[in-house]
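Numbering (full-length UniProt numbering) for the sequence shown: 1 to 173.
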Amino acid sequence: MLTARYGIQWAASCARCRPLHTTAIRSNTPTKLHNILSGGPAPPVQIKRITGVGIELADGLILPAACIFLEGQIFLWDVPPTLTSSWGKDKFHVFELVVPKPEILLFGTGKTTVLPPPSIRTYLNSVGIQVDVMDTWNACTTYNLLAEEGRRVAAALLPTSPRSWRKDGDVVT
Numbered sequence: 001m002l003t004a005r006y007g008i009q010w011a012a013s014c015a016r017c018r019p020l021h022t023t024a025i026r027s028n029t030p031t032k033l034h035n036i037l038s039g040g041p042a043p044p045v046q047i048k049r050i051t052g053v054g055i056e057l058a059d060g061l062i063l064p065a066a067c068i069f070l071e072g073q074i075f076l077w078d079v080p081p082t083l084t085s086s087w088g089k090d091k092f093h094v095f096e097l098v099v100p101k102p103e104i105l106l107f108g109t110g111k112t113t114v115l116p117p118p119s120i121r122t123y124l125n126s127v128g129i130q131v132d133v134m135d136t137w138n139a140c141t142t143y144n145l146l147a148e149e150g151r152r153v154a155a156a157l158l159p160t161s162p163r164s165w166r167k168d169g170d171v172v173t
């Protein structure tokens, strides 16, 4: 009985104490928000927007046809402007050669999401790369986010309006 009485007195005296579930000290003055992603260098390649002309980078460069973003570099990608069932693993051979391999490949398939042939996904998974297929706009947005987080990400992007690279460097519309 004596223990119960002291327990009740202790609980009554702690009613003025701060509850355990509230660990933050509250103040009425506004605090400054802190960006936890800032402080590090910006990713070498960032996509600013997608237009009818092509993919515009943060530095103003416009890529009018298919391209690959890999390890902070941009590569022109000589593929048909639209995804077809005739695509084979030879279109993705560059990912077998690169070291270190990206954790994930964002495959932007143009204006709409088009699933690639299963053989492509199987091939990329066999070389240790996860594939995420989406439309080019979402692939660019996801690429920017993952690159800013410092992840090893690659993007293979088809244009929203089909165009292809010519061997002499001119773009064909």
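Note that CB positions come from ideal geometry on N, CA and C, so glycine has one too.
Per DSSP, Arg-152 has no beta-bridge partner at all. Pairing Pro-117 with Ser-85 gives a Cβ-Cβ distance under 8 Å.
Of the other Cβ atoms in all chains shown, 16 or more fall within 10 Å of the Cβ of Thr-160; this residue is therefore buried. Counting every other CB atom within 10 Å of its CB across the protein chains shown gives Ile-62 a total below 16, marking it as exposed. Exposure of Thr-122 is indicated by the presence of fewer than 16 other C-beta atoms within 10 angstroms of its C-beta. Between Ala-66 and Leu-106, the CB-CB gap reaches or exceeds 8 Å.
Distance from the CA atom of Trp-87 to the CA atom of Leu-115, rounded to whole angstroms, is 12 Å.
Counted as a single uninterrupted DSSP element, the beta strand (DSSP E) harbouring Ile-50 occupies residues 47-50. Residue environment: Val-45 is assigned as buried (16 or more neighbouring CB atoms within 10 Å of its CB, all protein chains considered). Considered as a whole, the segment 91-132 harbours 94-97, 118-126 as its complete alpha helix (DSSP H) runs of no fewer than 4 residues, in chain order.
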